[in-house]
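Enquirer: Just remember that the numbering used here sits 18 ahead of the position in the sequence shown, which is counted from 1. Questions regarding the structure given below will be posed in turn.
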Amino acid sequence: MMRIVALGDSIARGVGDLGSGGDVPAWSGRLAHRLGSAQHSIRARAGARIDDVIHHQLNDPVSQTADIALLSAGGNDLLQRDFRLENFAEGLSAVLTRIRASTATTVMLTLPDYSEAWPLPRRVKAGLRRRIADVNGVLQASAADDVLLIDQAGE
């Protein structure tokens, strides 16, 4: 039986996911259901940043034995005042290295442009869009041949 684990932030957890119709939890649950997996574990947490994935979520035994790791990360990192793209890129590299070592297949999401979700000043929205684009660039560059990347930015 295939084991699927959702890692990362609220997007991986399913917060704001209106597509499930209430019968299956989040996009990760729908994928698990379609693949016929009864072993679906959500380790993702609302508010999680890349360091949370490294130090907490990946240390969970379920995460270490998954066949498929579903990952959404970067959205909370880029909202921090002290956000540094280089630190996020290093953290993402560490996460992907550990997932690859576990032999799980990785499915990773880019970030949607959620800058319009809040009433923000134009300059703040522009800065947020720039950070989202930068994080998506890191996600896209990190998705080698062994990572399936689902591009939400194009929606």
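We put the beta carbon where it would ideally sit given N, CA and C, even for glycine. No experiment lies behind these values; they were computed from the predicted model shown.
#1: With C-beta atoms as the reference, is I72 less than 9 Å away from G26?
#2: Who are the near neighbours of L103 in its chain, counting only those whose CB is closer than 6 Å to its CB and skipping five residues on each side?
#3: Comparing alpha-carbon positions, which option in S81, R149, R48 and A64 lies nearest R21?
#4: Does DSSP put R67 in a helix, a strand or coil?
#5: Output needed for A171: all residues of its chain with C-beta closer than 6 Å, excluding positions within five of it in sequence on either side, in chain order.
#6: Let's test the definition: count the other Cβ atoms within 10 Å of the Cβ of V33 and tell me whether it reaches 16, buried, or not, exposed.
#7: Identify, in the order they occur along the chain, each residue of the same chain with its Cβ nearer than 6 Å to the Cβ of I117, setting aside the five sequence neighbours on each side.
#8: What does the alpha-carbon distance come out to for the pair L189 and A50?
#9: Going by DSSP, what residues sit across from L89 in a beta bridge?
#10: Rounded to a whole number of angstroms, what is the C-alpha to C-alpha distance between V42 and R52?
#11: For D131, which residues from the same chain have a beta carbon less than 7 Å from its beta carbon, with the 5 sequence-adjacent residues on both sides left out?
#12: Within this structure, are the beta carbons of L166 and Q158 separated by less than 9 Å?
Expert: Here's the rundown:
#1: The Cβ-Cβ distance between I72 and G26 does not fall below 9 Å.
#2: So the qualifying residues of the chain are D152.
#3: Nearest option by C-alpha distance: S81.
#4: DSSP places R67 in coil when its eight states are reduced to three.
#5: Excluding the 5 residues flanking it on each side, A171 has same chain C-beta neighbours closer than 6 Å at T128 and N154, in chain order.
#6: By the 10 Å Cβ count, V33 comes out exposed.
#7: Cβ within range, chain order: A87 and T124.
#8: Given that the chain is displayed from residue 19 to residue 173, the structure contains no residue 189 and the question cannot be resolved.
#9: L25 and M126, per the DSSP bridge assignment.
#10: Note that V42 scores a pLDDT of 49, beneath 50, so its modelled location is shaky and nothing firm can be said.
#11: These residues qualify, in order along the chain: R147, I150 and A171.
#12: Judged by beta-carbon spacing, Q158 lies beyond the 9 Å limit of L166, meaning their Cβ atoms are not closer than that value.
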